[in-house]
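The block underneath contains the structure these notes are about, expressed in structure tokens.
Residue numbers (the numbering used here), protein chains in the order written: chain A, 296 to 560; chain B, 4 to 364; chain C, 762 to 1333.
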């Protein structure tokens, strides 16, 4: 059986810049794949290509047995893909609960008629949406629950990141793409996040792909790590394999520093 | 999951991939292209218009387009720096021109307008530009500055309010009737150019517009204030950190745009000999259309957009519509100009000179 | 150049404002309007308010500054400076006129009669002392208000506002009192308050204020009454509103009923545009297009003069070619089709581009109906006439009162629809899309589908408004479908508070109802309208009756909100 998400030779170019070059990557249910790389390595662009925000210039992408290149983000969400954003992007004028409820959009159907008549089906559906949303919020203990009616813009930074994950969970995904979920968190919050991402894999069985700069987080949660540099995948394997890869060290520290480090070793 | 469900889902996925929009656009463009070509051919076959007629229309379009281009610069400058549509810019244009009317009138009464036409014209340009500039600066101070950081619709509504306010202020000042701008004798009549005759006023207008555009270009590219304007448009906070006085730069932008609008007004009245309080409205909208057409934020785009719009407006309705039996096609001018705008934006959302957008802005 | 002291600047600004009011002709025009009949005219009230405001501001701490050391003196000087400026202006104009440069050749409103008003008929050269003293006294009063206790201040402002409302509303109130059979001669005369009336209005205001102060507010006063709970206060309030709405046309004259119909029409249009702009965040400047489509569709479908009525059709029903109620669904179908045709290609455009394109569509529709080309079908500049009225059983809907009820009914339905949509899955999808289009799409919302849905629903409501408009006036002509209509409706939505449903009602009352009732402002209606738009947007950008959440967000985030950058890291 093929993988849940499978990329083959995916490329993306902006004008003269090759942002993603011929990248192969896969992810399966119940597995956490880390994507690392220095700033500007093309990680977020890769996410944007996978989630349909950009159309790839070349390459094959399949998800859950469907060819997904050229599909729009909303279609992908319906297929079971959900993501968070590097710069937290919540619906600021909506409440915490409403933010989460929006996530349920593709799994529900009420239309104009339902909204106007508020018939039994619509009411049941609303109740179910609320329940799903609360369930996702309660995943973060009492961090979000109890604040359902606050505006999203009033939340503390780490809670805003958590709400983004909760919102993604509500969509009922098979694959979760997290773009730097630990950015801006303090060490204690990162610890908590590491456990939670692990639980997302173990309890929910999601496949998770995450971009992260924070190496302890990558080390703490990832089953497999891929490293990008200048849009090219330069290494893939366990954390230790990738972390000791010369090319990766070079990418992060520059050639001279890498050589120096090698000399020291 | 049952196989039926899977099949249904695959079907939906397939539907998602169908580029509905692109198909509609291609059909749309084919229909329009066919209509335009058929109309043009039919019009030309009627033989009702001579080559001379077409040249006349074309030159009139260029002259009118030059005026649009100069007014459009004001929209483009403000948009490039503040990202708001200064909807009241048409009224800025009106204010200077309307005020300069009284100077022109006085000069004509004394006979100075025809005895010293060049200094008189320069005086008119200066008065009109100064008045428009002051109005633009006051406008910025009262209506826009308190709203920096408000949601984008808010300054738009203020602009509409300011627009009404300015129209009715000048109506209150100078009255509701249209006034005939005094003619300058040396600008009357035609000159032969390459076998065709062209009105003198049109030559003045085009030349004036070129000079104004070049002057602005030099200001933007070569001067300190131009650099500051570009920097503030790029990133306001960083510009402020670099020691640029953002408020002053924004005021200068409005001042320059206003002065250009005032000057354009004097060109405008050479073509359309009358002034009244509502005169700013349509040129304002047309100029904004021109700015968007060319690619808002770009001063070359404003010039290009103005010319394209002016020419299409003058030539288009007659050329495309006469042949297919539309009576008085010139009435449909707005349909042609806005139709062009819509088409350009559909295919090139950034305007003619704007970069075609990658997926989304 | 050293800056002048603040009180001088404030005074000069006040003086300039009075000169401005003179130059645009307001002072002269409003001198005809009595406030207290035979004693105070509206022009004098305007001057008074300007001088008092100058004094008030001069005695206040500037924004972010410290309060003045001698507020009373500053207020006095500010008023006096303004007065001197006005006086100098009057003298200057007289001198110019005497020297043969007539100011009114340029500024048509600066006539000798106007200058006499400014000098209170004391002769032009005395205007300087007269205005200076007036300014000083009123400036002092304004300064006193600003240093007085909040209690005194609000009592005085309320007394003044009550007098102004009483006087400006005199024509309306006397009609209403007549409708209820109450004599009003003692209260109002010549469109103003009588002296007795003024004393009465001020007295009632003060008494009410005194009583409420003692009782500690309306709520507490009501709580004190035995047997009254919050809940039945609400019920009673709604019942009163309902009864008032129901009987309103019968206690006012037909003109006011007609105005109420117009207000209702704008509420209807506002609710429609609110879906587009307020819910979905689409900037539509061409809403008039749908209004026109509605009006012309009904016209073509129902009028006797319609081109659909062939010459051979002689046996027409008395109410026209097609019954209004049959035409309405057809009209809505037409609106939906046009909405999709316009919306589908352009709704992807960014906000400002969408604004100009929709504006373009509005103009295109207006041009088309005006053109000779479509004249055989749409009647060109004359439009389509003889549109039958709405048949409502045995009643004649040409009567503004019947139309009022019809429109009220449709407003209530739209109100209900708007509310239901807002708090449903669709409403959330729109809100998400408005907040962040990319993320909404990432959460599974088909942005283009929901944009078209909003656009089309707005179109349908706009069309309905147009249909009623045509039936109300019995004509549809291009003159009624200018950009100003789009602007009016947009202003109604934004002024009330975007996305806020009660806001639309408040917006229509303020922007449509007031100007219609204050007819005597005539040529200044749009002028004042412009001022109000700017003022409200500058001082209350969230609108008069904002959606609670959005107001919270706007107040919470005072920081500059830049346009959202493209997907973060796009250039990686």
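We put the beta carbon where it would ideally sit given N, CA and C, even for glycine.
Within the segment 390-420 of chain A, those residues whose Cβ lies closer than 9 Å to any Cβ of chain C are, in chain order, 390, 393, 394, 396, 397, 398, 399, 400, 401, 402, 403, 404, 405, 406, 407, 409, 410, 411, 412, 413, 417, 420.
Along the segment 1180-1203 of chain C, going in chain order, the ones with a CB nearer than 7 Å to a CB of chain B are 1199.
With respect to residue 1150 of chain C, residue 1232 of chain C sits close: the two C-beta atoms are nearer than 7 Å.
DSSP places residue 59 of chain B in the uninterrupted alpha helix (DSSP H) bounded by 54-85. When secondary structure is reduced to three states using DSSP, residue 332 of chain A falls in the coil class, being assigned neither helix nor strand.
Within the segment 1176-1246 of chain C, the alpha helix (DSSP H) runs of at least 4 residues that lie entirely inside it are, in chain order, 1186-1196, 1198-1203, 1208-1234. With a 10 Å radius around the Cβ and a threshold of 16 neighbouring Cβ atoms, residue 951 of chain C comes out exposed. Assignment of residue 830 of chain C by DSSP, reduced to helix, strand and coil, places it in the coil class.
For residue 912 of chain C, there is no enclosing beta strand (DSSP E); the residue is part of the alpha helix (DSSP H) that begins and ends at 911-929. Residue state for residue 1171 of chain C is assigned as helix, using DSSP reduced to three classes. The three-state secondary structure of residue 953 of chain C, taken from DSSP, is strand. Contacts between residue 1243 of chain C and chain B, judged by CB atoms closer than 8 Å, are missing: the closest CB pair is about 10 Å apart. Residue state for residue 377 of chain A is assigned as strand, using DSSP reduced to three classes. Chain-ordered, the chain C residues with CB closer than 8 Å to the CB of residue 367 of chain A read 1202, 1207. Exclusion of the five residues before and after residue 396 of chain A leaves 424, 428 as the residues of its chain whose Cβ lies within less than 6 Å of its Cβ. Counting along the chain, the unbroken beta strand (DSSP E) around residue 195 of chain B starts and ends at 193-196. If you look at residue 484 of chain A, you'll find it in the alpha helix (DSSP H) that goes 482-499. Judged by DSSP in its simplified three-state form, residue 797 of chain C adopts strand. DSSP assignment within the segment 103-169 of chain B yields no whole beta strand (DSSP E) run of 3 residues or more. Contact holds between the segment 342-350 of chain A and the segment 297-313 of chain A, because three or more Cβ pairs, one in each stretch, are under 8 Å apart. By the neighbour-count criterion, in which a residue is buried when 16 or more other Cβ atoms sit within 10 angstroms of its Cβ, residue 787 of chain C is buried. Within 7 Å of the CB of residue 1178 of chain C, the CB atoms of chain A belong to 411, in sequence order along the chain.
The criterion of a C-beta distance shorter than 7 Å is satisfied by residue 93 of chain B and residue 287 of chain B. Shown here for residue 484 of chain A: same chain residues with a beta carbon closer than 6 Å to its own, the five before and five after excluded, namely 453 in chain order.
The C-beta of residue 1258 of chain C comes no closer than 7 Å to any C-beta of chain B.
Residues of chain C whose Cβ lies closer than 8 Å to the Cβ of residue 346 of chain A are, in chain order, 1203. Among the residues facing chain C, residue 388 of chain A is included, as its CB has a counterpart in that chain under 7 Å away. Residue 98 of chain B and residue 965 of chain C have their C-alpha atoms some 47 Å from each other. The count of Cβ pairs closer than 8 Å, one atom from the segment 1056-1063 of chain C and one from the segment 1091-1103 of chain C, reaches three, so the stretches are in contact.
For residue 466 of chain A, the C-beta contacts it makes with chain C under 7 Å involve 1204, 1205, in order along the chain. Contact residues of the segment 53-77 of chain B toward chain C are absent (C-beta to C-beta distance below 8 Å). Listed in chain order, the non-local C-beta contacts of residue 339 of chain A below 8 Å within the same chain comprise 381, 474, 506, local neighbours out to five positions each way being set aside. For residue 1190 of chain C against residue 400 of chain A, the beta-carbon gap comes to about 6 Å, under 8 Å, which counts as contact. Beyond the five residues adjoining it in sequence on each side, residue 280 of chain B comes within less than 6 Å, by CB distance, of 170, 173, 174 in the same chain, given in chain order. Collapsing the DSSP output to three states places residue 362 of chain A in a strand. Excluding five sequence positions before and after residue 131 of chain B, the CB atoms of its chain that fall closer than 6 Å to its own CB belong to 99, 100, 103, 265, 268, 269, given in chain order.
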